[in-house]
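Protein sequences appear in the order of chains A and B. Be aware that the first sequence starts at 967, since it is given in the working numbering, and climbs by one per residue. Be aware that the second sequence starts at 967, since it is given in the working numbering, and climbs by one per residue. Ideal Cβ positions, reconstructed from N, Cα and C, are used throughout, including at glycine.
Number of protein chains: 2
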Amino acid sequence: MREVSPFEVESKELDYEKLIRQFGTQPISSLKKNLIPDHKIFRLGIAFSHRDFDKFMQAIKQGKKVAIVSGFQPSSGMHFGHLMTFQTNLFFQKKYGVEVFIPISDDETYVTRKVETQEQALENAKKIAAQIIALGFKKRLTKMFIDSQYTKIYNFAFKLSRGYTISLIKDAYGFTDSINPGLMFYPCVQAAHLLMPQLDEFGGPKHTLVLIGIDQDVYVRIARDIAEKFGFIRPGALHLKFLPGLKGGKMSGSKPETCIYLDDKIEEVERKILNAFTGGQGNLEDQRKYGGNPNICVVFKYLATFFLNEKEMTEHERNCKSGKLMCGECKQMLINKLKKFLREFQKKVKKAEEKIDKFLLG
Amino acid sequence: MREVSPFEVESKELDYEKLIRQFGTQPISSLKKNLIPDHKIFRLGIAFSHRDFDKFMQAIKQGKKVAIVSGFQPSSGMHFGHLMTFQTNLFFQKKYGVEVFIPISDDETYVTRKVETQEQALENAKKIAAQIIALGFKKRLTKMFIDSQYTKIYNFAFKLSRGYTISLIKDAYGFTDSINPGLMFYPCVQAAHLLMPQLDEFGGPKHTLVLIGIDQDVYVRIARDIAEKFGFIRPGALHLKFLPGLKGGKMSGSKPETCIYLDDKIEEVERKILNAFTGGQGNLEDQRKYGGNPNICVVFKYLATFFLNEKEMTEHERNCKSGKLMCGECKQMLINKLKKFLREFQKKVKKAEEKIDKFLLG
């Protein structure tokens, strides 16, 4: 593992170490080396914190059944921040045969008032489903469903609801009496998602893992709180750093201007990248003279995360810093790679749209 | 309609008129005569109050589609208080071809902690379903379902949830932050039950009626509040007086000692009636001398409600008051009728048990 990756620098900006202390999680760096998968997300320090990830990996090494849960709230489309998470899910599925549960929570989209109607939320959910299928998940090892279509999940949510009080939900989610009761109940649905791989029909209690941003850790924590009460193993969590948005900061579906979406038009992407925040100097002369700063450059981070292997990344970084590489060239490189990726991916989505019904549970 | 029926006297004891004022409902007595169905429940004043029952009856007279909703919370078995309600539902179905929706809320039984497990609640629900079928509801005109089996009802509950706030639910139901979120959400499920006959799949907006005790009026009221917001006609309510329990007071599933259950063992019924509260004198001599008081006698009320026509009832009442009829004879009469009814009914339930799956939605 590199001592200081571009992501480590970012981590200092956001002080991920402080977050680890604040949330009471464990740093990935304290894991035994043989429990750390050989994947870029770990080598670059993007996966930086966890709960019980060691137990999850030990279970894999012992040949036990495990599962990953990775939900999607379909208020916006899928962007490259999601892509990073789902590519990691896919890595676990391909490398270790891990079963991946993907609940698409159109109910959450509706009760949080992100859309006007349930029909709209469902439509978004189906779009997401096609995109996830197009990423290459294996049907045999994937349990994907849309809440409003797989309504038996609510029986499990009701079961778990008896483990919570309104007080606890309010504390964890910051809710007040002005919200609607659907939203107040939703945390039970979320807990049902996290614990469902342990239901008898899915093979009973097992180590499970949730890939999330650390800001969502509280949802895992309250599910962990009640897991044992209902005879389940407490789900673990793997916390990924945020992918930077086009202007720096976090790529977030609630701020479309920060996102590259997987269904962006090809020309759109070109415009977005040309306007993206970089670590370059103000003009070509200074860039040649002083070089750029890849550590703060979102263009570099997208290249490094999605398109370059680590040898290429190191070389690219060196060329940027030394003033050999101009921002224009670098952006064009990303644009070309993005265009190619999106063109191929969007073709796969078209095909996947026909498979949705077969793929989804319920 | 008799000026003073045994039930009118009871009504003075419980001051049903005060309840009407307190709840802001309409007395049945103020309805135009041609809108009052020719049924004992109205003639005896058992149906005493309403909301929009006139609109419901007008719609029937105009040949419009209407529906009744009559839910069942299966924490206890079905007793004769329920029987009175369901026989009235059945009257509307037989006489006017009214479609009857019967949601059996095993989820409510579970979230209110009336049973330990969801499995137990479901088992109770199935027992109730068989009993309701055995009463003679026509499959073509009956939409009966168990919440945990017909889980798509929850999509509708989520839809309606956006019409409520936690504050409103707390005020209406008396809930606090110490309850579980499943229970906090349940009022949305209840509203979904009340409004579901108006869903497109069941023929769209129509006048609907709910038969309830006036103590449950608040649940109808909050569903009425939001009905228009979602494009529905406000459901109406018909309020029935409480059937007295074996010791006087209300027959209530939460107090088993007040109930005759439809699955009571035949010998059990005999014991229960022999110990029931009557309006008789302390001894035979006084009974002959002063006569009994049928107005406060539960044995008389059971006979009058379920087994005697009005001519028989009047004669029976006269014989009691004049001291011709002894409590022992009267009890024996009721025991014989109950035994016959239960023996036949329980045979029908056995047969109905095989039909449950065909009968239930979902």
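How would you label residue i, buried or exposed, when you count the other beta carbons within 10 angstroms and need 16 or more for buried?
i: residue 996 of chain B; result: exposed
i: residue 1232 of chain A; result: exposed
i: residue 1095 of chain A; result: buried
i: residue 1144 of chain A; result: exposed
i: residue 1119 of chain A; result: buried
i: residue 978 of chain A; result: With a pLDDT of only 43 at residue 978 of chain A, under the threshold of 50, the placement of this residue in the model should not be trusted, and no figure is reported.
i: residue 1037 of chain A; result: buried
i: residue 988 of chain B; result: exposed
i: residue 1309 of chain B; result: exposed
i: residue 1063 of chain B; result: exposed
i: residue 981 of chain B; result: exposed
i: residue 1079 of chain A; result: exposed
i: residue 1275 of chain A; result: exposed
i: residue 1326 of chain A; result: buried
i: residue 1241 of chain B; result: exposed
i: residue 1090 of chain A; result: buried
i: residue 990 of chain B; result: exposed
i: residue 1282 of chain B; result: buried
i: residue 1329 of chain A; result: This structure gives no information on residue 1329 of chain A, because the portion of chain A shown stretches from 967 to 1328.
i: residue 972 of chain A; result: Unreliable positioning characterises residue 972 of chain A in this predicted model, as indicated by a pLDDT of 41, which lies under 50. The coordinate reading is nonetheless provided below. Residue 972 of chain A comes out buried.
i: residue 1317 of chain A; result: exposed
i: residue 1210 of chain B; result: buried
i: residue 967 of chain A; result: Only weak support is given to the placement of residue 967 of chain A: the predicted model assigns it a pLDDT of 34, under 50, and the value that follows is read from those uncertain coordinates. Flag for residue 967 of chain A reads exposed.
Quick one: measure Cβ to Cβ for residue i and residue j, integer angstroms, because I've assumed they're closer than 8 angstroms.
i: residue 1252 of chain B; j: residue 1152 of chain B; result: Incorrect: roughly 51 angstroms between the Cβ atoms, too far for contact.
i: residue 1071 of chain B; j: residue 1039 of chain B; result: 5 angstroms
i: residue 1067 of chain A; j: residue 1162 of chain A; result: 6 angstroms
i: residue 913 of chain A; j: residue 1041 of chain A; result: Coverage of chain A is limited to positions 967 through 1328, which leaves residue 913 of chain A absent and any answer about it impossible.
i: residue 1171 of chain B; j: residue 1189 of chain B; result: Not a contact, Cβ separation roughly 14 angstroms.
i: residue 1099 of chain B; j: residue 1239 of chain B; result: That pair is no contact at about 27 angstroms.
i: residue 1258 of chain B; j: residue 1280 of chain B; result: 15 angstroms between Cβ atoms; not a contact.
i: residue 1208 of chain B; j: residue 1179 of chain B; result: 6 angstroms
i: residue 1204 of chain A; j: residue 1013 of chain A; result: 6 angstroms
i: residue 1122 of chain B; j: residue 1165 of chain B; result: 7 angstroms
i: residue 1286 of chain B; j: residue 1147 of chain A; result: Contact flag wrong, Cβ pair sits at about 51 angstroms.
i: residue 1016 of chain B; j: residue 1225 of chain B; result: Contact doesn't hold; Cβ gap of about 26 angstroms is too wide.
i: residue 1059 of chain B; j: residue 1103 of chain B; result: 7 angstroms
i: residue 929 of chain A; j: residue 1142 of chain A; result: A query on residue 929 of chain A cannot be resolved here, the shown segment of chain A reaching from 967 to 1328 and no further.
i: residue 1294 of chain A; j: residue 1115 of chain A; result: At roughly 47 angstroms, the Cβ-Cβ gap does not stay under 8 angstroms, so residue 1294 of chain A and residue 1115 of chain A are not in contact.
i: residue 944 of chain B; j: residue 1235 of chain B; result: Residue numbering for chain B in the displayed model covers 967 to 1328; residue 944 of chain B lies beyond these limits and cannot be assessed.
i: residue 1169 of chain A; j: residue 1031 of chain A; result: 6 angstroms
Between which two residues does the alpha helix (DSSP H) containing residue i stretch?
i: residue 1151 of chain A; result: 1147-1161
i: residue 1193 of chain A; result: 1183-1193
i: residue 1094 of chain B; result: 1084-1100
i: residue 1294 of chain A; result: 1293-1319
i: residue 961 of chain B; result: With chain B represented from 967 up to 1328, any question about residue 961 of chain B goes unanswered, as that position is not in the structure.
i: residue 1199 of chain B; result: Note, residue 1199 of chain B: premise wrong, no alpha helix (DSSP H); not H, not E.
Let's see if you can read the secondary structure: which residues bound the beta strand (DSSP E) around residue i?
i: residue 1129 of chain A; result: First-last for residue 1129 of chain A: undefined, no H or E at that position.
i: residue 1109 of chain A; result: 1108-1112
i: residue 1322 of chain B; result: No beta strand (DSSP E) holds residue 1322 of chain B; the alpha helix (DSSP H) holding it covers 1322-1325.
i: residue 1174 of chain A; result: 1173-1178
Item checked: Whole alpha helix (DSSP H) elements within the region 1002-1080 of chain A, 4-residue minimum -> Those alpha helix (DSSP H) runs which fall completely within the region 1002-1080 of chain A and span 4+ residues are 1006-1009, 1019-1027, 1046-1062 and 1072-1077.
Margin query: Measuring CB atoms only, is the region 1081-1088 of chain B touching the region 1248-1264 of chain B, in the sense that at least three cross pairs come out at less than 8 angstroms?
Written below: No, the region 1081-1088 of chain B is not in contact with the region 1248-1264 of chain B.
Check: Would you call the region 990-1010 of chain A and the region 1041-1061 of chain A in contact, with 3 or more CB pairs under 8 angstroms?
Finding: Judged by Cβ distances under 8 angstroms, the region 990-1010 of chain A makes contact with the region 1041-1061 of chain A, as three or more pairs qualify.
Item checked: Secondary structure, alpha helix (DSSP H): runs of 4+ residues fully inside the region 1212-1282 of chain B -> The qualifying runs are 1232-1240, 1250-1256 and 1264-1268.
Checklist line | Any 3 or more C-beta pairs closer than 8 angstroms across the region 1127-1136 of chain A and the region 1104-1111 of chain A | finding: Segments in contact, no.
Notebook entry, point to check: Is it a yes or a no for the region 1191-1201 of chain A touching the region 986-1003 of chain A, going by three-plus beta-carbon pairs under 8 angstroms?
Noted result: Cβ pair count under 8 angstroms is below three, so no.
Notebook entry, point to check: Of the residues that make up the region 1159-1184 of chain A, which ones have a beta carbon closer than 8 angstroms to any beta carbon in chain C?
Noted result: The structure shown contains no chain C; the protein chains it does contain are A and B.
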